[in-house]
Amino acid sequence: HRPSGAGGRFRPGPCARGGVPRRLPASPPGPGPRAAPWGRRAAGPCGCRACTATRRSSRPTGRGAWRAPPRSTTASQAFLVQEHKRDCLHRVVCPPEAPRQERPSLPYSPCGGGLPLCSTGSSNACFFFLLLFIVHSIFLYYGCGTLVVLEQNEAGIVLLRSFDWNDGLFDVTWSENNEHVLITSSGDGSLQIWDTAKTTGPLQVYKEHTQEAYSVDWSQTRGEQLVVSGSWDQTAKLWDPAVGKSLCTFKGHEGVIYSTIWSPHIPGCFASASGDQTLRVWDVKAPGVKLVIPAHQAEILSCDWCKYDENLLVTGAVDCSLKGWDLRNVRQPVFVLLGHTYAIRRVKFSPFHATLLASCSYDFTVRFWDFSKPNPLLETVEHHTEFTCGLDLSLHNCGQVVDCAWDELVKVYTPSCLAVAV
């Protein structure tokens, strides 16, 4: 059902919403729908493993974490670090006996080389950083999630900590003020605050969402200690980690929320992307939505703010397109980037270049763009053999990228286009 290697390609099966991938022979995809699995996954009749599992699940709509048999491998055995000299600096590989995992999020630590855990005696301290990613099972019998903290140093990538949760973990965000603190969002609708310097469970757990908490982000503006979460219950919630409950609930979306992200420029302002095909901008100091942008004719899975222009956002959607939006005039997009052949899972602006951005997709690729150029596609990286679902750019090492995919690999590398840009 799922042969190894890069020879095949996925094409949606006949499940509802095209939600289950099926491996085909190594031939170009034929005509037909270009949609790929994204976000929600509904039960279908194709008889594949995922469909069968869904029909047997206690969650008939298929949302949330999938349950697989417990593993006997320990966290320290769960990752094998190898040097990958050809196309990336390092890769992390799950063992063959472990079930397939999806890694939807892997942000770099904003503290970078300032972390004591990253101290190696090198004068180039900014090269060393923490990267963090989440794994969760997609099978029927076992639904726990694992939070894994890795450190890159001269010896490679090493496992620092791992934490278990009893449901799938979908997103994670680092604290801007404490290098050891982070928040995760879970399939049970809860948020968890963790301290990576400790080996115990979460410091606090907040549970108010009635469905999966799919997105979480910590405010990036100085002086704010605010967190925003987005859920499949169609609401976004505002949190202060020092308070035991949400401060405000934002309603208005008519579909599940896939992405919520704070503006790096405007205090109290965040954006949300949803399955209702809209991008919305909110102000925590004013009730109601500030701006509604009908950005795509398909579900929007990701959005990001430009680090150099407070009015510019980018969206990535199931229609395989990236669109830039100027908040001062949203009648037409500033740019439209085409090239991906399946749904775009995540998009990130470069922290070092105003017009550079990266995107990853279910077409197995990560693509790098410069929307200011006549030919905006700078480079296509295809070093995964399954859906690419996580992506981030280092804040402290210009040009360094980390991505991950369903092939159970996390890869850290510098694409040639960013090496030239540096």
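Read in full-length UniProt numbering, the sequence shown has 175 at position 175, and its numbers run on one by one without any break.
Glycine included, C-beta positions come from ideal geometry on N, C-alpha and C.
Give the DSSP-derived three-state secondary structure of residue i in the structure shown.
i, result
"Ser416", "helix"
"Cys126", "At Cys126 the pLDDT is 25, less than 50, meaning the model places this residue with poor confidence and gives no usable figure here."
"Asn166", "coil"
"Cys306", "coil"
"Gly156", "strand"
"Trp325", "strand"
"Thr221", "coil"
"Leu247", "strand"
"Ala213", "strand"
"Asp370", "strand"
"Ile183", "strand"
"Val334", "coil"
"Ala273", "strand"
"Leu377", "strand"
"Val230", "According to the sequence provided, residue 230 is Gly. The question's Val does not apply to it. Strand, per DSSP."
"Phe364", "coil"
"Leu291", "strand"
"Leu150", "strand"
"Asp240", "coil"
"Arg100", "Residue placement at Arg100 cannot be trusted, given a pLDDT of 42 that sits under 50; what the coordinates show is reported in the next sentence. In the structure shown, Arg100 sits in coil (DSSP, three-state: anything other than H, G, I, E or B)."
"Trp406", "coil"
"Gly268", "coil"
"Arg91", "Low confidence applies to Arg91: its pLDDT is 45, below 50, so where it sits in the model is not reliable, and the reading given next is rough at best. It is a strand residue."
"Cys389", "strand"
"Gly145", "strand"
"Thr341", "coil"
"Leu140", "Confidence at Leu140 is low in this model, with a pLDDT of 26, below 50, so its placement is unreliable and the value that follows should be read with caution. It is coil, neither helix nor strand."
Using the Cβ count rule (16 or more neighbours within 10 Å means buried), how would you classify residue i?
i, result
"Asn375", "exposed"
"Lys245", "exposed"
"Ser416", "exposed"
"Gly316", "buried"
"Leu203", "exposed"
"Ala419", "exposed"
"Thr196", "buried"
"Leu247", "exposed"
"Val412", "buried"
"Gly223", "exposed"
"Asn178", "exposed"
"Gly168", "buried"
"Lys348", "buried"
"Thr146", "buried"
"Gly275", "buried"
"Thr200", "exposed"
"Asn397", "buried"
"Leu150", "buried"
Would you mind reading off the limits of the beta strand (DSSP E) that contains residue i?
i, result
"Ala298", "Note, Ala298: premise wrong, no beta strand (DSSP E); not H, not E."
"Leu395", "No beta strand (DSSP E) holds Leu395; DSSP gives it neither H nor E."
"Leu279", "Leu279 to Asp283"
"Pro360", "Checking the displayed sequence, the identity of residue 360 turns out to be Cys instead of Pro. Taken as a continuous stretch (DSSP letters only), the beta strand (DSSP E) holding Cys360 covers Leu356 to Ser361."
"Ile261", "Ile257 to Trp262"
"Gly316", "Leu312 to Ala317"
"Leu191", "Ser190 to Asp195"
"Phe349", "Ile344 to Phe349"
"Lys198", "That residue, Lys198, is in no beta strand (DSSP E); it is neither H nor E in DSSP."
Roughly how far, in whole angstroms, is the beta-carbon of residue i from the beta-carbon of residue j, given that I think they are within contact range, below 8 Å?
i, j, result
"Gln277", "Ala298", "6 Å"
"Leu301", "Ser259", "7 Å"
"Val172", "Leu159", "No, Val172 and Leu159 are not in contact; Cβ-Cβ is about 16 Å, not under 8 Å."
"Val228", "Phe270", "5 Å"
"Ile257", "Gly230", "3 Å"
- Message: With a threshold of 8 Å, are at least 3 pairs of Cβ atoms found where one atom belongs to the region 325 to 333 and the other to the region 366 to 375?
- Response: no
- Message: Under 8 Å, with one C-beta from each stretch per pair, do the region 304 to 312 and the region 275 to 293 reach the 3-pair mark?
- Response: no
- Task: Inspect the CB distances between the region 349 to 357 and the region 380 to 391 and report whether three or more fall short of 8 Å.
- Result: no
- Message: Under 8 Å, with one C-beta from each stretch per pair, do the region 229 to 237 and the region 247 to 262 reach the 3-pair mark?
- Response: yes
- Is it a yes or a no for the region 201 to 219 touching the region 175 to 193, going by three-plus beta-carbon pairs under 8 Å? yes
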